[in-house]
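Colleague: In order, the protein sequence lines correspond to chains A, B, C, D, E and F.
My numbering applies: residue 71 is where the first sequence begins, and numbers increase by one.
My numbering applies: residue 71 is where the second sequence begins, and numbers increase by one.
My numbering applies: residue 71 is where the third sequence begins, and numbers increase by one.
My numbering applies: residue 71 is where the fourth sequence begins, and numbers increase by one.
My numbering applies: residue 71 is where the fifth sequence begins, and numbers increase by one.
My numbering applies: residue 71 is where the sixth sequence begins, and numbers increase by one.
For every residue, glycine included, the Cβ atom is placed at its ideal position computed from N, Cα and C.
None of the values given here were measured: they were computed from a predicted structure.
Please read through the structure below; I'll follow up with questions.
6 protein chains.
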Amino acid sequence: MSISKRPSPITPTVDFDLDGIQHGHLRLPWSRDESAWGSIMIPICVIRNGEGPTALLTGANHGDEYEGPVALFDLARTLKPEEIKGRVIIVPAMNYPAFQAATRTSPIDKGNLNRSFPGRPDGSVTEKIADYFTRHLLPLADIVLDFHSGGRTLDFLPYAAAHELPDKGQEKACFDGVAAFSAPYSMRMIEIDAVGMYDTTAEEIGKVFVTTELSGGGTISAHTASIAKRGVLNVLKHAGIVSGAPEIEATQWLDMPSSDCFVFSEADGLLEPLKDLGEKVSRGEIIARIHPTGRTGTAPSDYRAALDGVLAARHFPGLIKTGDCLAVVATLTEGP
Amino acid sequence: MSISKRPSPITPTVDFDLDGIQHGHLRLPWSRDESAWGSIMIPICVIRNGEGPTALLTGANHGDEYEGPVALFDLARTLKPEEIKGRVIIVPAMNYPAFQAATRTSPIDKGNLNRSFPGRPDGSVTEKIADYFTRHLLPLADIVLDFHSGGRTLDFLPYAAAHELPDKGQEKACFDGVAAFSAPYSMRMIEIDAVGMYDTTAEEIGKVFVTTELSGGGTISAHTASIAKRGVLNVLKHAGIVSGAPEIEATQWLDMPSSDCFVFSEADGLLEPLKDLGEKVSRGEIIARIHPTGRTGTAPSDYRAALDGVLAARHFPGLIKTGDCLAVVATLTEGP
Amino acid sequence: MSISKRPSPITPTVDFDLDGIQHGHLRLPWSRDESAWGSIMIPICVIRNGEGPTALLTGANHGDEYEGPVALFDLARTLKPEEIKGRVIIVPAMNYPAFQAATRTSPIDKGNLNRSFPGRPDGSVTEKIADYFTRHLLPLADIVLDFHSGGRTLDFLPYAAAHELPDKGQEKACFDGVAAFSAPYSMRMIEIDAVGMYDTTAEEIGKVFVTTELSGGGTISAHTASIAKRGVLNVLKHAGIVSGAPEIEATQWLDMPSSDCFVFSEADGLLEPLKDLGEKVSRGEIIARIHPTGRTGTAPSDYRAALDGVLAARHFPGLIKTGDCLAVVATLTEGP
Amino acid sequence: MSISKRPSPITPTVDFDLDGIQHGHLRLPWSRDESAWGSIMIPICVIRNGEGPTALLTGANHGDEYEGPVALFDLARTLKPEEIKGRVIIVPAMNYPAFQAATRTSPIDKGNLNRSFPGRPDGSVTEKIADYFTRHLLPLADIVLDFHSGGRTLDFLPYAAAHELPDKGQEKACFDGVAAFSAPYSMRMIEIDAVGMYDTTAEEIGKVFVTTELSGGGTISAHTASIAKRGVLNVLKHAGIVSGAPEIEATQWLDMPSSDCFVFSEADGLLEPLKDLGEKVSRGEIIARIHPTGRTGTAPSDYRAALDGVLAARHFPGLIKTGDCLAVVATLTEGP
Amino acid sequence: MSISKRPSPITPTVDFDLDGIQHGHLRLPWSRDESAWGSIMIPICVIRNGEGPTALLTGANHGDEYEGPVALFDLARTLKPEEIKGRVIIVPAMNYPAFQAATRTSPIDKGNLNRSFPGRPDGSVTEKIADYFTRHLLPLADIVLDFHSGGRTLDFLPYAAAHELPDKGQEKACFDGVAAFSAPYSMRMIEIDAVGMYDTTAEEIGKVFVTTELSGGGTISAHTASIAKRGVLNVLKHAGIVSGAPEIEATQWLDMPSSDCFVFSEADGLLEPLKDLGEKVSRGEIIARIHPTGRTGTAPSDYRAALDGVLAARHFPGLIKTGDCLAVVATLTEGP
Amino acid sequence: MSISKRPSPITPTVDFDLDGIQHGHLRLPWSRDESAWGSIMIPICVIRNGEGPTALLTGANHGDEYEGPVALFDLARTLKPEEIKGRVIIVPAMNYPAFQAATRTSPIDKGNLNRSFPGRPDGSVTEKIADYFTRHLLPLADIVLDFHSGGRTLDFLPYAAAHELPDKGQEKACFDGVAAFSAPYSMRMIEIDAVGMYDTTAEEIGKVFVTTELSGGGTISAHTASIAKRGVLNVLKHAGIVSGAPEIEATQWLDMPSSDCFVFSEADGLLEPLKDLGEKVSRGEIIARIHPTGRTGTAPSDYRAALDGVLAARHFPGLIKTGDCLAVVATLTEGP
């Protein structure tokens, strides 16, 4: 894929090569009816202390996922330059317009940032952000940690994850990062559709890439916040940027072996879950029902697991539409 | 308060005096741009078997609360006339337009049904629904069970509840109903503002009234669905409509002794909870932080408990606005 | 019903007592975000030639009905003072904001003008318009002709109509007006809900009131425009304002004997009509089907006539919702 | 035109090669704020009985046109595998999101499906649907019947139609299909702008392509539904898929010889038609007027036919804007 | 007019009787889909130093007027308790939701605060705010200064103003306040429609009430900000709350003798002003033109002054609608 | 940059080669839900009198800028063919949909016309307009005058301007046009981002191009209208199309030497300007403050000039957002 040579319209107000800590913005001009010469100001923090590896840490790739932003706003406020060796680049809310709107996609262009990579400097606002990461931030990084959760419409078991990759050395480095993150669950993922993902863009240029799903529903708990905060520090320790060993707890490895993992709704209605996240399910077992809502007395439709495993993700809102992913069943494994 | 004598525009398609089971609608004419002679059709189920008490069971008084609708659509489909003595009237989604829209209030008139009582036959759509309950359904009932949860923006410990009432006999009957429901928690509530509530309207005409808060966030789990389904059957058994004794489990009684229970946000920002629902908190302890989101490196504001107790409710979305209720701390008690 | 004594905020730019023709406005102040000191300017035409009766002619009581506005804008442009005796007051678009928006109700306050009478001088914009008609225009009139059609969501056989009234002399005068209008069909109407109607307000103060339904769908044809143009001239001739005898054509009298006339949808779906307007139908005959649209191969639901007669009105859009009026069956009669 | 090689994101839940009848969906993943892992489920029916030709039958290419969906939902429910030889593929609502919204274009991306061909697998939702037809469904077909009507803003005489084509053998086969459809009118069309049309895409790969315009206004009548139902069966008989001869009725052939057919509005206002569909018009004759609506007493503007013929199409809503097509005049001919 | 006895739902977080300076909020509960237990937090500042008169200072009664908020946020930040005698209550943005939205009326209920007095404790959000001022804040005040400007759609000469009042002593006190404010212009106003105004409510309970119009257009300049800042200090000095004499500059007194002052548009179009604010105009002189915008070459309509005077106010946006106030011509006078 | 060969969908209703004056439209087909066969009709006027140079005069490139449209609608109505030699092409409102909506960008596609050049014949509506100017109108022109003002969100000193160009002869011709226009100020501009501009497209094909900024705020004054009207006549005289010498008044030349000219907001809040347009400022001087609006008593942030000069432009609305351009400081020079 050829990448346009036109310069990015984004101007950083930080200098990536300075030692110390800087709190600034990525300024993206956004001319609109409400402000002819307005801009989007994406917060960024750069902490540097001499030579060493660079970690690029990101949250709110989807705007309604909160474990990443909480851990990263907190980290940017508390991590001291003298505590690190190398460089940490923190963007707590990548798709900042979506984050401000508390929506998965950008309210400006409905852009799903994680389907907009590698981006375009002359594209939509979301594509311009993707392009800046592709051409300016990813090349600076040795290791990349991108926080996800389920957002307002999905809920996940808390896990860190990496992908199967053609370069097995790179793959191993990624799963080592997952293990270092030390979430309660760890996942080996095969993406159904990896086109346009930040993950893929980073992996294709050889970066060590770790991602997460840490619950969802558009909320955050004290429990999942603490997983995220410990996880990011663990990754920095694993990378040798922060000194000390990662704080490791037991993790359950999971796998998504095929598209049979996914259960899709074939009706509109009221969702009645019969299994909760983390519960074991057997092939053929009913995991949820959908009740028609137009009148009482009509039979619900049943949805069943297609394989043995645990309920790893589920549709979050109480109502569901035809075509929505109702649940994901993952299989239990011993390791990546 | 005088109640208008004008007839309700609502026509039921069921006959409340017939034995057997009927699945029908409350038809409320709604002329609008999209349908000049359209109607709202609120599902209703009436099950009757000879003489006996009448239970009025309702869900989705607020449209984004799901434990009630799931338990009641399920009950209407499975409860047989021969299993009861007396009458059960089930309206699984009182504010049906709000329920269809998955919003707290009605998309038609922004009406909060639980602030619209006693209603008006010539008022807004929501006021017309309230009026029909006030003048036609409540008078039929001996016991009323109205399901609530936190909806999309609040989350609660799962509890059944009743109010302190001037008539102590009525109050005791209500708390007996709460005990029969047998949720994990049971609450004695004093409403800050009881004007316009369904609860108050029912209580003022002497009905036994039981309500609940069974989690929230605009979702439902297998766990909370099972609490709701067991609770409604327990109440019907307690009322003598279904035979057998209620299935009782241990409950923790809670109290909201004053407005000090409520913690309000004084800033817009990103919410970082430090305590989860059900955790014990001490007076003065920090329970959450709000991070400014415009730039990194700025200090969050801290929010503290004003009394000893447990975290009983919390703001659900990851972002919070000035003036939002951030948390409710309830005190532990031995009984109602 | 007591009517507020506060003066109307509406100022006419015409003088109702001047001989000759005046084209002006009813100016209704409307302060809003887009214009702090703005107004709604409702076109009005007054034609007067000495003493004689006054006719008040109105269209677009519902904003998406066009036979009235076409006939009345045309009449106001072509009728000469010297052709009349007495006075003609023409308001081609009563609910002018709705007419401009091509919607049944006002885009400003969602007001259905024909459910807003007698109106309030300090109410919503639509209530202010109703109040001006009630207190200022209706008192000037001897005969009132208010044009209706089905609007965007209903379609009717073309008819003029009047209501059964307690004062049989007034009722006869109204039906004489209907006969003079001379539409292809003539209807004796009993309103299901007459509260808030312009008709009722005019009838209660003793006016001769003629109304119409002249097709619908939010469109107009050359055929129905010619019915409207001939009808209004006929009514003016009948009232002695324009000289000459009404141009009478054959009409079929219809009756709506009970609420069995109305067929309501109990499903959302795709409407397949099996009968067209004006076709005879027998009791029990299927007149339409509703197809579910979520998948192919599911059975449609059938809707049947509840009495013998002709299809007099029908739901217009191709999709239909639960609770919409699907059809009206009227019975054939010999006269009013 | 080069077509992208990237696979379509659409997954069918039917197998096009199985004998018998299948009712399923085309599942198109649609990640959005309301459902992170949601899908659009486009109903599809495949009926197959051994070897033989394949007919591809489609409706709701524009979402507010109903004769096609009614005929095709009905056909999918009633046609038996044993009644055919070969294969029938039925998609009653091609632009399913637009059909659900009752709008011409998709509410998701404002895509006009019939201007989005050949489509793109990585484009907008509407372009993805177009691409699937181009690369997966059209190649399966021998004959294609695509139903159109005027939609909410246009009304047409009921006709089947085909285009003048460079391959005169293909053109004859298409007009033979038009004749077999046997609508009251049959049209030889020259498109003003054929870029992006389904028609053009199908014709360019050599398919026999028949289209229709069967009234409009966003409604459907019993009369036009019966034309559509008879027409589709006639086409299947003509193709040899259903046995028996088409049921032929008299048709009037029409032609649109030049852009003089089209009459455009040059003013905003209230439309007064002076001719109805099917009426003969002479060159220079006034067919409609547009009345200004800001005040009474202003002169309307007149619109005239530019050639002799019949009124074949017209603007449907009662109000009209500058630039809208007010009418189409077609000439009478003896055959295609 | 009787005022409801029900308590206001608003809770202040300041104590009006404490000496010193407090920065707090008026908390108004606002339950809505986005926050079930949310509130509106209206900033308020109370400065008190012993006994003495109370001034109530308000801005953003209309949300898009900025001289008041700038002067009052600045004053609340800079005025020290020790600089005053008595009490100053500052609400820089009365209709706070409108102020946040930069609109004249509230985005919540479209409430125009200055037409919502005396308000209702159980009314809309805007009516609740009005009620709190009527029953809680106005009774505390001796002198009231309410800042206005033209907002986004009007522009005014900068003036302070008071009304003709039945109590001539009160009227004189008000005009003395106007003179003390010392704006470049001073106006004697007769309101066309005083119903629902804050002014009227304050005047009817005998308060000294001073208001302003200080330019407009939804903007603010350094020049008008300085007029506002000097004016409010002058009023506090005049009231004896701040020591020292008001800083007086020359003012031109104006009068609006009748409704002939107002020039209304009778067309939609593009406004071409021929006179600017402050320019002298003569009776009959053209002050502006409105150009039709649908095509070039059409004649504009001319608008003329109906009396001799100066252009005191004008429509601000470049486009204008029928019924908008185009201009106000005021007459020059020697004093109030 | 290659330009697509596909023909423009725009049809002019004028003939550019006829002598005399023609008032017509550029008709751009726009199929949409509200009008299946609708069009956008952009007013255009062509005045021609024999051989001679062609001037292309345009306004409302941004839809909320009014000096251009007023001067050009006025010119098209008053300039006679016999007064010119050559040809004048007038498009008073280039982005006509934006002009009708009173917004900077098009309400149809949010297109900023001045960032959409050279355009695409198969792109969005705004890109189609740009393409028509690029391929059809600009090639006809010898000199181009494109009017701008600040629009609703910016305000400028009134100036004409041209750009530094690689071809110094062309540059001189442009600045000669600026001098001939004779606004109170004249500017030498270096665009920060010239991609997509009409200016750049015209300059790259060698045209003499003059632009303006003539105040702003979404309004127009008598003063700035007279500058625009005199300026356009001056340019026509300078080009030899209208006879006589330009009417020259004194102008102050300005320069924008670097991006230090621009002052950007780094906070949301209430803007308090301390300098007005045209006032001199010194490097380091505070020119404005931004007050936080959530509570009183918080410190505003100060914004300072980065160089010596005059305030040449400013943010217009009273509220400001992070990233908005707050002010532009230009330096005083002796000439271009």
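1) With distances taken from CA atoms, which of V278(D), P209(D), P162(D) is nearest R367(C)?
2) Would you tell me roughly how many angstroms separate the C-alpha atoms of G287(B) and P387(B), rounded to the nearest one?
3) Please report the straight-line C-alpha distance between S72(A) and G189(A), rounded to a whole angstrom.
4) Let me see if you follow: with CB-CB separation under 8 Å, is E197(F) close to chain D or not?
5) Closer than 8 Å is the cut-off here; do at least three beta carbon pairs connect the region 325–334 of chain A with the region 277–291 of chain B?
6) Do L210(D) and T124(D) have their C-beta atoms within less than 8 Å of each other?
7) Using beta-carbon positions only, say whether F203(F) and A232(F) come within less than 8 Å of one another.
8) Report yes if the CB atom of S78(A) is closer than 8 Å to the CB atom of P191(A), and no otherwise.
9) Output yes if chain F places a C-beta closer than 8 Å to the C-beta of N182(D); else output no.
10) Let me make sure I understand the geometry here. Which of A106(D), E104(D), W100(D), S186(D) has the alpha-carbon closest to that of H132(D)?
11) Going straight from the alpha carbon of G94(B) to that of Y373(B), what length do you get?
12) Output, in sequence order along the chain, the residues in the region 96–109 of chain C whose CB is closer than 9 Å to any CB in chain E.
13) Quick check: E137(F) and S252(F), are their CB atoms within less than 8 Å of each other?
14) Show which residues of chain B have a CB atom less than 9 Å away from the CB atom of G364(F).
15) Between the region 150–161 of chain F and the region 169–184 of chain F, do three or more beta carbon pairs fall short of 8 Å?
16) What's the call for G247(F), buried or exposed, on a 16-neighbour Cβ count within 10 Å?
17) For S291(C), which residues in chain D fall below 8 Å Cβ to Cβ?
18) Which whole-angstrom value describes the C-beta separation of V140(A) and E342(B), a residue pair presumed to lie in contact below a C-beta threshold of 8 Å?
19) Mind checking which residues open and close the beta strand (DSSP E) that includes I199(E)?
20) Below 7 Å on C-beta distance, what does C244(A) contact in chain D?
21) Chain E beta carbons: is any one of them nearer than 8 Å to that of C395(B)?
22) Examine chain A for any beta-carbon lying closer than 8 Å to the beta-carbon of Y136(B), and answer yes or no.
23) So, at 6 Å on beta carbons, what are the nonlocal neighbours of T271(C) in its own chain, with the 5 sequence-adjacent residues on each side left out?
24) Check whether the region 349–358 of chain A touches the region 375–387 of chain A, taking contact to mean three or more Cβ pairs, one atom from each stretch, closer than 8 Å.
25) Can you look up I297(E) in the DSSP assignment and give me helix, strand or coil?
26) With burial defined as no fewer than 16 other Cβ atoms inside 10 Å of the residue's Cβ, what is the status of V214(B): buried or exposed?
Modeller: So, from the data block:
1) The question names Arg, but residue 367(C) in the sequence shown is Gly. Checking every option, the nearest Cα to that of G367(C) belongs to P162(D).
2) 8 Å
3) Note that S72(A) scores 43 on pLDDT, short of 50, meaning its location in the model is unreliable and no value can be drawn from it.
4) False, the Cβ-Cβ gap to chain D never drops below 8 Å.
5) no
6) Yes, the pair counts as a contact, with Cβ atoms nearer than the cut-off.
7) no
8) yes
9) yes
10) Answer by Cα proximity: S186(D).
11) 49 Å
12) Going along the region 96–109 of chain C in chain order, one finds R97, L98, P99, W100, S101, R102, D103, E104, S105, A106, W107, G108, S109 with a Cβ nearer than 9 Å to chain E.
13) no
14) E336, A337, D338, T392
15) no
16) buried
17) P343, D346
18) 5 Å
19) No beta strand (DSSP E) contains I199(E), which is instead part of the alpha helix (DSSP H) from 195–202.
20) Here the premise fails: no neighbours, minimum Cβ distance about 23 Å.
21) yes
22) yes
23) F187, P188, T204
24) They touch, by the three-pair rule.
25) helix
26) buried
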